[in-house]
Each structure stands twice: as structure tokens, then as C-alpha cells.
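Here the sequence shown stands for residues -19 to -1, 1 to 129, where the numbers follow mature numbering (1 follows the signal peptide of the UniProt record, and there is no 0).
The next block holds one structure in the form of C-alpha cells; read it before the comments.
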Amino acid sequence: MKNFIFVFILFATLLTVNAAPYQFDKRATPFKRCPDDLPSPNVIMTPDPLVAGESANFNVSGILFTDIYAGIAVLRIRFFSDPTRQTLIANPYYQDFTELFPAYTPFTIVAPKVDIPNNLTNKYTIEVVIGSEKVDDIYGCSLANVEK
Ligand SMILES: *[C@@H]1O[C@H](CO)[C@@H](O)[C@H](O)[C@H]1NC(C)=O
Ligand SMILES: *[C@@H]1O[C@H](CO)[C@@H](O)[C@H](O)[C@H]1NC(C)=O
């Protein structure tokens, strides 16, 4: 019995020690609502964190209050060097929707190959927007402030 307890405590300690850095590495970049109070889509990036100069997959999903029409609605991804979104780091990424998603129903759009700027600053902001008229009419917006 004593041996059993000892082994149990040893295992528990090893598991805790191993789990801590693993969870830290796996923590995804948190996206939040933009200040405009529009719906905030979920964003999953692969890889996460992003690698400057390489490309990444963005999976954007959620529910909007606006119909998403194929060929009219667009996904835009931008990188800024400041959290107030004044200074763009590179050209925006655009992808047209090819499917209709009615308002208040879940949508998903996957951008398989988004080029990540090779001159990413130490702190940068990722903005993910869905809207139309490229993109003055914004339906939804999410932001992440990242520190390299
Ligand atoms: C995108 O993310 C959604 C929500 O997490 C998930 O249901 C869906 O399977 C993902 N799609 C792809 C192609 O990874
Ligand atoms: C990064 O490079 C792009 C051109 O590829 C340039 O337009 C942009 O100003 C640069 N941004 C920074 C923060 O250096």
C-alpha cells in the first residue's frame, strides 16, 4: 500500500510537470470582438502562433445578422503594427464567399493559404472582417493583439 501511494504521488507529480508547458504551448491566439460591436466570428489559425514569411490556414466561422451572398460577401484579413489599426503591415488578404449563408445561421469559410508578412513587427494586430463592397459594409469583425 505504501509503495502504491508513493508511485501514485510520483506519477501525479510527473504529469503535472509535463502538462504545464504543454498547455502553455497549445494556447490558441485569443480573438475578440472589434470596438464596433458587430458580431465577432471565431478564428482558428494553423499554425498558431503564425510564422512570419510563411502561409497559414484561417478557419473563420460563426453567426452573423446579415445574409452572406456568394460573389458579394468577402473575407478580409489584415495585419497592423499597432492595436489602433492605423499602420498596415502588408497588403490585405481577400477571399470571396462561394456559398450562401442566410443570416442567423452558422457559416464557415476557410482561407487555406494566407501569406503572413515577412516583416511582422514584435507586436502586431490581426483583423478578420466579413462584409461586402470590399469591405465598406462590415457584417462581422474579430481582432487579436499578438506579441511575438
Ligand atoms: C472550421 O472550424 C469549425 C468550428 O470550429 C469546425 O466545425 C470545422 O470543421 C472547421 N473546418 C475546417 C475545414 O477545418
Ligand atoms: C512591410 O513590407 C510591406 C511591403 O512588403 C510594406 O508595405 C510595409 O510598410 C512594411 N511594414 C512594416 C511595418 O515595415
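Glycine included, C-beta positions come from ideal geometry on N, C-alpha and C.
A Cβ-Cβ distance of about 7 angstroms is found for the pair V55 and F78, placing them in contact under the 8 angstroms criterion. Every residue with a CB closer than 6 angstroms to a heavy atom of ligand 2 is listed here in chain order: S62, I70, A71, P98, N100 and T102. With contacts defined as CB atoms closer than 8 angstroms, N99 and A33 qualify as a contacting pair.
The region 120 to 128 and the region 103 to 111 touch, with three or more beta-carbon pairs separated by less than 8 angstroms. Looking from the CA of I111, the closest CA among F61, Q67, S62 and R14 belongs to R14. Annotation for S42 indicates a beta carbon within 7 angstroms of some heavy atom of ligand 1.
Judged by DSSP secondary structure, N23 falls within the beta strand (DSSP E) whose first and last residues are N23 to T27. Looking at the DSSP output, S36 sits in a beta bridge with D96. Taking the Cβ atoms as the reference, V24 lies roughly 11 angstroms from I90, outside the contact range of under 8 angstroms.
Taking the CA atoms as reference points, G52 sits about 14 angstroms from P83.
Distance from the CA of Y120 to the CA of L19, rounded to the nearest whole angstrom, comes to 7 angstroms. Setting aside the 5 residues that flank it on each side, P93 is surrounded in the same chain by N38, each with a C-beta closer than 8 angstroms to its C-beta; the list follows chain order.
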